[in-house]
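Worksheet: the structure to be examined is printed underneath.
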Amino acid sequence: MPYLLRKFLILLLTLWVAVTLNFILPRLVPGDPVGAMIARYQGKLDPSAVDALKLAYGLNDQGGLLGQYFAYLGKLLRGDFGRSIGQFPTPVSEIIAQAAPWTIGLIGVCTVLAVVLGSALGLYSAWRRGQPLADALPPLALFLNSMPYFWFALLLLYLLAFKSSVFPLSGGLDPFLTPHSPTWWVSLLRHATLPALTIIVTSAGGWLITMRNNVMGVMSEDYIAFARAKGLSEGRILNRYVLRNALLPSFTAFGMALGFVVGGSILTETVFSYPGLGLQLYNAVTNLDYPLMQAIFLYIALAVLIANFVVDALYALLDPRVRDGKAA
Amino acid sequence: MKGLLTILRRSPRAAFGVGLLAALLLLALLAPLLTPYSPTSQAFGTWLKPGGEHLLGTTALGQDIWSQLVYGARLTLLIGFTAGLVATAIGTALGLSAAYFGGRTDEAINVLINVFLVLPGLPLLIIASAFLRGGGVWSIILVIALTGWAWGARVLRSQALALRNRDFVQAAIVSGERPARIIFAEMLPNLAGLIAAGFFSTALYAVLSEAALAFLGMGDVSQVTWGTMMYWAQARGALLQGAWWWVAAPGLCIALLGTAFALVNFGIDEVTNPRVIHEARATRVLRRNRAAPQAEPALEPPQPLLAIRHLSAGYVTPQGPVRAVRDVTLSVAPGEFLGLAGESGCGKSTLAFAATRLLDAPGVVFDGEARLAGQDLLALNPAELRRVRWKDYSLVFQASMNILNPVLRIREQVYDAMQAHGVQDRGRLEARARELFALVGIREDYLNAYPHQLSGGMKQRVVIAIALALEPKLVVMDEPTTALDVVVQRQILQEIDAVRKRLGISIVFITHDLSLLVEMSDRIAIMYAGEVVEEAPAHELYAQPKHPYTRRLMGAFPPLEGPRERREGIPGRPPSLAQDIPYCPFFERCPNHLPGTCDVFKPARVEVTSGHSVACFLHSPAVKEEAYAAD
Ligand SMILES: Nc1ncnc2c1ncn2[C@@H]1O[C@H](COP(=O)(O)OP(=O)(O)OP(=O)(O)O)[C@@H](O)[C@H]1O
Ligand code: SF4
Ligand SMILES: [Mg+2]
Chain A
1 MPYLLRKFLI
11 LLLTLWVAVT
21 LNFILPRLVP
31 GDPVGAMIAR
41 YQGKLDPSAV
51 DALKLAYGLN
61 DQGGLLGQYF
71 AYLGKLLRGD
81 FGRSIGQFPT
91 PVSEIIAQAA
101 PWTIGLIGVC
111 TVLAVVLGSA
121 LGLYSAWRRG
131 QPLADALPPL
141 ALFLNSMPYF
151 WFALLLLYLL
161 AFKSSVFPLS
171 GGLDPFLTPH
181 SPTWWVSLLR
191 HATLPALTII
201 VTSAGGWLIT
211 MRNNVMGVMS
221 EDYIAFARAK
231 GLSEGRILNR
241 YVLRNALLPS
251 FTAFGMALGF
261 VVGGSILTET
271 VFSYPGLGLQ
281 LYNAVTNLDY
291 PLMQAIFLYI
301 ALAVLIANFV
311 VDALYALLDP
321 RVRDGKAA
Chain B
329 MKGLLTILRR
339 SPRAAFGVGL
349 LAALLLLALL
359 APLLTPYSPT
369 SQAFGTWLKP
379 GGEHLLGTTA
389 LGQDIWSQLV
399 YGARLTLLIG
409 FTAGLVATAI
419 GTALGLSAAY
429 FGGRTDEAIN
439 VLINVFLVLP
449 GLPLLIIASA
459 FLRGGGVWSI
469 ILVIALTGWA
479 WGARVLRSQA
489 LALRNRDFVQ
499 AAIVSGERPA
509 RIIFAEMLPN
519 LAGLIAAGFF
529 STALYAVLSE
539 AALAFLGMGD
549 VSQVTWGTMM
559 YWAQARGALL
569 QGAWWWVAAP
579 GLCIALLGTA
589 FALVNFGIDE
599 VTNPRVIHEA
609 RATRVLRRNR
619 AAPQAEPALE
629 PPQPLLAIRH
639 LSAGYVTPQG
649 PVRAVRDVTL
659 SVAPGEFLGL
669 AGESGCGKST
679 LAFAATRLLD
689 APGVVFDGEA
699 RLAGQDLLAL
709 NPAELRRVRW
719 KDYSLVFQAS
729 MNILNPVLRI
739 REQVYDAMQA
749 HGVQDRGRLE
759 ARARELFALV
769 GIREDYLNAY
779 PHQLSGGMKQ
789 RVVIAIALAL
799 EPKLVVMDEP
809 TTALDVVVQR
819 QILQEIDAVR
829 KRLGISIVFI
839 THDLSLLVEM
849 SDRIAIMYAG
859 EVVEEAPAHE
869 LYAQPKHPYT
879 RRLMGAFPPL
889 EGPRERREGI
899 PGRPPSLAQD
909 IPYCPFFERC
919 PNHLPGTCDV
929 FKPARVEVTS
939 GHSVACFLHS
949 PAVKEEAYAA
959 D
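Protein chains in written order, with the working numbering: chain A, 1 to 328; chain B, 329 to 959.
See below:
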C-alpha cells in the first residue's frame, strides 16, 4: 500500500477511536453525567441547559446504544458539538474557535523553536562527544525533560512575574489595544514569553536526547566511515551524511512527542491563565462542562493527527526509501 | 543481576541514576524514621517558614511539609512503578505476540500501536479521569497505563521482529517448540534491556501524568503525593504568600525521580548498544619514542610505494588490549599487485585499516609506521590526512550493505569524492562518472538511483568505481568481490588489473580466495594470528609453499586446474589475540611442529630464497626477540 495512503487510513482510524472513546467514556460513569451536573449546579442550571444536556447525551432518545452512537456520529459530521454548560448558551464550537488560535500560535511556534534548538544541541552533543560541554548536555537535558511542565511554569511565574514584574502575571493580551498596532504586538509577545519559555525549556531536552541518539546511530554506520575515507570535508559529512540521516528518525519521534507537548501546554496555559484551549479544557473539567470538554479533546486530537500527517508526508519527501515503499 | 552490575560499572550515568533512585526509595521506605510528624496532622502553626522544628515549614493548614514530602514519596513511587509495570506488561505482551505470530496479528497490533501513539495522551487522560472521578488511585494507575503502553510496544515489536528472524529463534520454531517457550525462553531474555528501558520511560510518564492530573485537581487530592502537594500549594496560593518552597520541593523531587529513571535508561542504552563511532579523530597512534627513521637500514631501490614497518595495531577493550596486528613489516612496490590472505579473524582488515590510518576507535595503532611514498601516514594530522585520503590512496571496504549513504543519489556520492579533491567542473565530473561506471560494468542511468535500488553486487561495483575515481597510487581492496558471482568477479578483476597496468597503480588485495590471488597477484603475503608468516612471489608461493600453514591453506582450497572439490579445512583454532604469543602461533595446529622449540621460541621471518621469506623453524633457526610487552 502506498505509504501516504496507509498513513491516511491510520489517521482516519485514530480519529474514529478518539470519537468513539468520546462516546463511550461518559457512559462508563457510574450514574449519569447529567444528573451529576445538575446536582453540582444545585438548581442554578438554566432549565433549557438541562434540556440541551439531555439532548447532547441522547438521553431523551428512545433508541438503543447503537442508535445513540449513530446519532452522535451524525451530529459530529454536521459540526454540531452542542452548547457549553458552563458558559450556556454559547455553542461549544464558538468557544473553541475563539480559543484555538492562541493555543495553535503558542504551541506551533514553541514546538518549532524547541525542535530546532534541541536538535541543534543534540547534534552538537553527539558530534563533539568527549568535550566537557557536549558531555554535560545530556544529563541536563534529561533533568529539564523530567520537570513537570506546570511546576517549571509556576517557578517562572513566581520569579519573573511575581517577585520582579518583568512579565505579566496572566492572560494573553492587555485590554483595550488596537489590534496589530505596535503596542498590541509588544503586549502579545510579553504575555507569551513565559508560557513559551516553559514549553521550550521543558521540551527541548527531549529533542536533544532524541537527536543525540540518532546522530550516534548514524555515526556508527559504514557510510560515515566510507565518507571519511573519501576525505570529504567535515562540513559536508555533517550536512549531507550525518544530519540528513539523523533527522529522519526525528520525524517519527515528532509525531509521538507532539501529543505530549500539547498535554504539557494545557497545564502551562492553566498556570498562566493563557486564553487558549488548555485553559478552556481546565475550566470545562472543573465546571463539569462535559460537552465543551469532549469537543476540546476531539479538536486537539484532530489537530495532532493532522500535524502528524503533515510530518509523515515530509518524511516521505526526505527519505527515498519511504518513497519507494521500502521502509515503514 | 550480572547484567545490572556490568551496566553500573561501565556507565557512571546509570550508576548515578540508580543511586538517585535508591535515595528516593529510601525516603519513601524510611519515612517514619525521617520525621516524627504525620503528613496529615494539622497540629502546627500555619505558614511557618522552613527551619527549626519544621525542615520545610508548614502548609496553610498547618501540616508539616517535610513529612508530606517523605510520605508523599510512597504513593508517588507506587503509582509510577505500578503504572510503569502494567504499561510495560501490556506493551511487552502485544509487541512480542505481534513479532511471534506475524501476519494478520502483527498487522492488527501494529495498527493499534500506531493509533495509541498519536492519540494525545494527557488530554485523553484528563477526559478519562474527569469521567472516572472518584475511582481513587487504582483507576488513575489504570488510565495512565492504558494511555502509555504504546511507545514501549512499538520499540519492542520492531526489535522482536528482527530477533525472530535470527537463527536460534528460527531453529526453535522449526523444531516445533511451543510458542510460549519460544517467547519466554528464547526471545524474552534477549529483549530484557529494551523492556527495562520501556519500563523506566513509562514510569517517568506515569509520575509526570499523575502530577499533572493531581495538579488539575483530578484524582484523589485527599491522598498525599508530590502531585497533590503542588495542587494544595497552588490552591492555597503558596506563591502569593511567598512560600515558594511548598511548590518547589515536591516538583524538584519529581524532576529528580524522572532524571533517575532517564539516567538508568541512558546507561542501559550505552552498555547494551555499544557502537563503533566513526568520528573525525584519525586512528589513535600510541607509538613509543623510537630511534629516528634514518637509523633504520636504508631501503634498497626501488623504493616501495607503501612501506609498513613493525606495525602493531588492535583494539582497546574493557577486557584488555586485543593485538590483531603484530609487528608486521610489509612493502608494496609501485605498480605491484599484492595479495593478502589468511583465515577469518587473523587481522587482515585491521592491518589494512591501521596502515591507511582508517581504524576507528576502539582500534589503535600500538607501534610501528606506515609510509606512503615516503610520507609517514601515522604522523599526519587530520587535515593533512584528509588531503591525502582518496587522492593518494583509496580503500574498498569489505562487503557491507550500508556502505553508501541511503538518502543521497549515487551520482552525488561519486561526485563528492572527486569534488573533495579539487575536481569541480560539472562536465568533467559527469564524464568521469560515466567512464567509471562503464569500467565496472554498471549502466550509467544508475547514477540517478538511490542505493536501495541497487543489488549488493552493484553497490560493491559502485564502491570500486569510486575508489578508482581519482586514480590514486594505491588501492586497498578488502574482499571487494565477495558479493559478486564468479563470472562478474573475474571480469571486474581483469578490468581493475588493466587499469593498474595502464596507470601503474598498486593494489593490495585481501581475500580468502587463495586460488584467485595466485592468479592475479605479483606477490602474496600470508597472515596468521596477526602476523605475516610467509611472503613470496605468487608463482613461487603456489609452487613451493614453505610455511606449514600456507601448505594447509593451499590444501584447503581447490587447485587452479582440475576438479573444484572441497578439501578438508585446517583442524584446530588460532590462539586468542588478547594474549601474548611468545612461541610459534601455529604450533598447536602444526603437523610438523618441533616439540621443545616451536612452543618455546618464536620463529623470526627470514628470507630463505630471494624474495621468499617465512617464519618457521623448519626453514630457519632464527629466533625472534619479543619486541613488545603489554602496553
Ligand atoms: N572492535 C573490536 N574490538 C575488539 N576486537 C576486535 C574488534 N574488531 C575486530 N576485533 C578482533 O580483531 C581480530 C582481527 O579482525 P579483522 O577484522 O582484522 O579480521 P579479518 O582478518 O579481516 O577477518 P575476515 O576475513 O573475517 O574479514 C579478530 O580476531 C577480531 O575478533
Ligand atoms: S615453527 Fe614449528 S610449529 Fe611453527 S609452523 Fe614451523 S614447524 Fe610448525
Ligand atoms: Mg576483514
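We put the beta carbon where it would ideally sit given N, CA and C, even for glycine. The model shown is predicted, which means the values in this text are computed figures rather than measured ones.
In this structure, the C-beta of Thr363/B stays at least 8 Å away from each heavy atom of ligand 1. Relative to Trp151/A, the option among Trp560/B, Val502/B and Leu440/B whose CA is nearest is Trp560/B.
Note: Tyr856/B is bridge-paired with Glu859/B in the DSSP secondary-structure output.
Taken atom to atom, the span from the alpha-carbon of Val109/A to that of Phe254/A is near 15 Å. Relative to ligand 2, even the nearest heavy atom lies 8 Å or more away from the CB of Phe681/B. In the structure shown, Pro808/B adopts coil according to DSSP, grouped into three states. The Cβ-Cβ distance between Ala707/B and Thr684/B does not fall below 9 Å.
Under the DSSP assignment, Arg654/B falls in the beta strand (DSSP E) whose first and last residues are Gly648 to Val660. Here Ala71/A is exposed, its C-beta having fewer than 16 other C-beta atoms within 10 Å. Excluding five sequence positions before and after Thr645/B, the CB atoms of its chain that fall closer than 7 Å to its own CB belong to Pro690, given in chain order. Taking 9 Å as the threshold, the shortest C-beta distance from Leu288/A to chain B falls below it. A distance below 9 Å separates the beta carbons of Tyr533/B and Gly412/B.
With a threshold of 8 Å, the Cβ atom of Ala932/B does not count as near ligand 2, since no heavy atom of the ligand is closer than that.
Under the Cβ criterion (8 Å, minimum of three pairs), the region 568-578 of chain B does not count as touching the region 502-512 of chain B. For secondary structure counted as the alpha helix (DSSP H) over 4 or more consecutive residues, the region 709-750 of chain B holds these complete runs in sequence order: 710-716 and 738-747.
Taking Asn308/A as the centre and dropping the five residues before and after it, the same chain places the C-beta of Gly255 closer than 6 Å to its C-beta, in chain order. With distances taken between CA atoms, Lys230/A lies nearest to Gly750/B out of Gly750/B, Thr416/B and Pro919/B. Of all C-beta pairs linking the region 179-189 of chain A to the region 138-145 of chain A, fewer than three are shorter than 8 Å, placing the two stretches out of contact. In the DSSP annotation of this structure, Glu269/A is not part of any beta strand (DSSP E); the continuous alpha helix (DSSP H) holding it starts and ends at Arg244 to Phe272. Considering only Trp479/B, Lys787/B, Ser843/B and Arg337/B, the residue with the shortest C-alpha distance to Leu732/B is Lys787/B. Within the region 330-397 of chain B, the complete alpha helix (DSSP H) segments at least 4 residues long are 330-338, 340-357 and 359-362, listed from N- to C-terminus.
Residue environment analysis places Thr270/A among the buried positions, since at least 16 neighbouring C-beta atoms fall within 10 angstroms of its C-beta.
Annotation for His940/B indicates a beta carbon at 8 Å or more from all heavy atoms of ligand 2.
In the three-state DSSP reduction, Ser677/B falls in the helix class (H, G or I). In this structure, the beta-carbon distance from Val803/B to Ser722/B falls below 9 Å. Within chain B, the residues Val439 and Val443 have their CB atoms less than 7 Å from the CB of Leu13/A, given in chain order. Within the same chain, Cβ atoms closer than 8 Å to the Cβ of Ile472/B are found at Ile407, Ala411, Ala415, Leu453, Tyr533, Ala534, Ser537 and Glu538, the five residues on either side in sequence being excluded. Phe694/B carries a strand assignment under DSSP once its states are collapsed to helix, strand and coil.
For Asp688/B, the chain A residues whose C-beta falls within less than 8 Å of its own C-beta are Ala225, listed in chain order. Per DSSP, the unbroken beta strand (DSSP E) holding Arg637/B starts and ends at Leu634 to Thr645.
Residues of chain B whose Cβ lies closer than 7 Å to the Cβ of Asp222/A are, in chain order, Phe725, Ser728, Asn730 and Ile731. For Asp51/A, no Cβ of chain B is located within less than 9 Å of the residue's own Cβ. For Leu188/A, DSSP records no beta bridge to any residue. Taking C-beta atoms under 8 Å as the contact rule, Gly784/B and Met729/B qualify, at a distance of about 7 Å. As computed with DSSP, Ala864/B is found in a beta bridge with Ile852/B.
Inter-residue distance for Val186/A and Val242/A is about 40 Å (C-alpha atoms, whole angstroms).
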